[in-house]
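Residue 1 is where the sequence shown starts when you use full-length UniProt numbering, and the numbers rise one by one after that. All C-beta atoms, glycine included, are put in the ideal place defined by N, C-alpha and C. None of these values were measured; they are calculated from a predicted model. Remarks on the structure that follows.
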Amino acid sequence: MQPCVFCAVIVGEVPSHRVYADETAVAFLDARPIFPGHCLVVPRLHVHTLTDLPAPDIGPFFTRVQRVTSAVERAMAAAGSFVAQNNRVSQSVPHLHVHIVPRNPKDGLRGFFWPRGRYEDEAHASAVADRLRAALAD
Numbered sequence: 001m002q003p004c005v006f007c008a009v010i011v012g013e014v015p016s017h018r019v020y021a022d023e024t025a026v027a028f029l030d031a032r033p034i035f036p037g038h039c040l041v042v043p044r045l046h047v048h049t050l051t052d053l054p055a056p057d058i059g060p061f062f063t064r065v066q067r068v069t070s071a072v073e074r075a076m077a078a079a080g081s082f083v084a085q086n087n088r089v090s091q092s093v094p095h096l097h098v099h100i101v102p103r104n105p106k107d108g109l110r111g112f113f114w115p116r117g118r119y120e121d122e123a124h125a126s127a128v129a130d131r132l133r134a135a136l137a138d
């Protein structure tokens, strides 16, 4: 069994641009964002899929997803967002994670084709993470 990279992010063993953390969930920038501000929200509890998350944890987890979604939209001056979660198929890391992608009209995103990019550099990723943390503090 391979170690879980998201569990390593949660405990700080793998560097990330963390934008939110509490006893329930951790949110951080996707290393290969669709658009700047693309975040992943993961539960601290290691489960592979949404169906593995214990029922009492679903509400608290998605309350964090909702909060981060609002922050992404405000911080990135987005008209809306795309919130997605895969179970097994197309799930690159076997740890439940929800993608939150800022969206704007005519942004080029079509259906489920997700063109991946990179941040310009570490400073760009840090600046985007700072904006999201500030929006979460509101």
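Using the Cα positions of residue i and residue j, report the straight-line distance between them to the nearest angstrom.
i      : j      : result
Ile70  : Tyr119 : Correcting the residue identity first, residue 70 is Ser in this sequence and not Ile. Their Cα atoms are separated by approximately 21 Å.
Ser92  : Ala137 : 30 Å
Ser90  : Gly12  : 25 Å
Pro122 : Val68  : Before going on, a small fix: residue 122 reads as Glu here, not Pro. Those two C-alpha atoms are separated by around 21 Å.
Pro33  : Pro60  : 25 Å
His97  : Leu40  : 6 Å
Pro36  : Arg110 : 17 Å
Ala75  : Ser81  : 12 Å
Whole-angstrom Cβ separation of residue i and residue j, contact assumed at under 8 Å?
i     : j      : result
Ala25 : Arg44  : 6 Å
Val38 : His99  : Here residue 38 turns out to be His, not Val, going by the sequence shown. Between His99 and His38 the Cβ distance is about 7 Å, and since that is below 8 Å, they are a contact.
Phe6  : Val42  : 5 Å
Leu29 : Gln85  : Actually they are not in contact, since the Cβ atoms of Leu29 and Gln85 sit about 17 Å apart, beyond 8 Å.
His48 : His124 : Their Cβ separation, rounded to whole angstroms, is 32 Å, which puts His48 and His124 out of contact at 8 Å.
Ala78 : Arg103 : 6 Å
Bridge partners for residue i per DSSP, in chain order?
i      : result
Ile100 : Cys39, Val83
Phe28  : Arg18, Leu40
Query raised in the report: If we count Cβ pairs, one from each stretch, closer than 8 Å, do we get three or more for the region 120 to 135 versus the region 14 to 23?
Result: yes
Requested in this report: Can you check the region 35 to 70 for any beta strand (DSSP E) of at least 3 residues that lies completely inside it and give the ranges in chain order?
Outcome: 39 to 43
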